[in-house]
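Since the structure comes first, as structure tokens, the remarks are kept for the end.
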Amino acid sequence: MQHIFKAGTDTNKPVLLLLHGTGGNENDLLPLADIVDPSASVLSVRGNVLENGMPRFFKRLAEGVFDIEDLIFRTNELNQFLDDAAKEYKFDRNNIVAIGYSNGANIAASLLFHFADALKGAILHHPMVPRRGIDLPNLDGKNVFIAAGVNDPICPQHESVDLQALLEGAGATVEIKWENFGHQLTMSEVQAAKAWYESKFK
Ligand code: MLT
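The working numbering numbers the first residue of the sequence shown as 871 and each following residue consecutively.
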């Protein structure tokens, strides 16, 4: 997968896995990693699917309607890429914290839904429930932060509420930060994510 890896100054820190929104690329979220933890290594990945020229992490049939077969395929592909990247760049495969926005948050949530050990934790900006009606792996000890907008037309409130319940049901500890905005990523939610990250991973 097309990506950027930047070695951090503190290799004991989690590796921050950056996953962009629809139409973005591996450069988009680099400033977020700098805010959340400037000393951490960064692995920023470009989604392998193109929708009218816009990179995404998996196909969708319509807005908010996911192509589940492709979601599963792409989730496996990303998980395998993380295995390979950990070997290539010599970082701890069990110490990855994802930071995803929108479609990138959805594939990060899908990693949690399908693999017990894909991620150590995740910051999900404006996510949805990636898949319903499946048993989740045991997520004991995983920490997840969700930032959501009460007026988000793309990711309605109940998506974050359901996602929290499903992840908690599997054993994860989940915190939600609500913003009085829509789908946009705000600086205040990034600052809240940083405060949460520092409380969990420092
Ligand atoms: C998705 O397709 O993952 C969600 O609708 C969010 C987005 O627009 O990317």
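A virtual CB, placed ideally from N, CA and C, is assigned to each residue, including glycine.
As the crow flies, the alpha-carbon of residue 1068 is around 28 angstroms from that of residue 927. Note on geometry: alpha-carbon atoms of residue 963 and residue 884 lie some 9 angstroms from one another. Leaving aside the five residues that flank residue 1001 on each side, the residues in its chain whose CB is nearer than 7 angstroms to its CB run, in chain order, 938, 941, 980, 983. Counting along the chain, the unbroken alpha helix (DSSP H) around residue 901 starts and ends at 900-906.
Taking C-beta atoms as the reference points, residue 912 and residue 886 count as a pair closer than 8 angstroms. The C-beta distance from residue 889 to residue 977 rounds to 6 angstroms, short enough to fall under 8 angstroms.
Within the same chain, 906, 993, 1015, 1017 come within 7 angstroms of residue 1063 by CB-CB distance, once the 5 residues on both sides are set aside.
Secondary structure in the segment 965-989: the beta strand (DSSP E) runs of 3 residues or longer, each lying completely within the stretch, are 966-971 in chain order. Look at the beta carbons and you see the segment 1020-1030 touching the segment 1044-1053: at least three pairs across the two are nearer than 8 angstroms. Non-local beta-carbon contacts of residue 1066 in its own chain, meaning distances under 7 angstroms to residues more than five positions away in sequence, involve 1015, 1045 in chain order. Rounded to the nearest whole angstrom, the C-alpha separation of residue 991 and residue 1026 is 23 angstroms. For residue 951, the three-state secondary structure derived from DSSP is helix. The beta carbons of residue 969 and residue 952 sit no closer together than 8 angstroms. For residue 930, the distance from the CB to the nearest heavy atom of the ligand MLT is below 7 angstroms. Per DSSP, the continuous beta strand (DSSP E) segment holding residue 873 begins and ends at 873-876. The segment 977-1057 contains, as complete alpha helix (DSSP H) runs of 4+ residues, the segments 1027-1039 (chain order).
Judged by the Cβ position, residue 918 fails to qualify as a neighbour of the ligand MLT at the 7 angstroms threshold, every heavy atom of the ligand being at least this far. The set of residues with CB atoms less than 7 angstroms from any heavy atom of the ligand MLT reads, in chain order, 891, 892, 926, 930, 933, 934, 936, 972, 973, 976, 998, 1024, 1025. Secondary-structure assignment with DSSP links residue 921 through a beta bridge to 924. Beta-bridge partners of residue 912 (DSSP): 876, 886.
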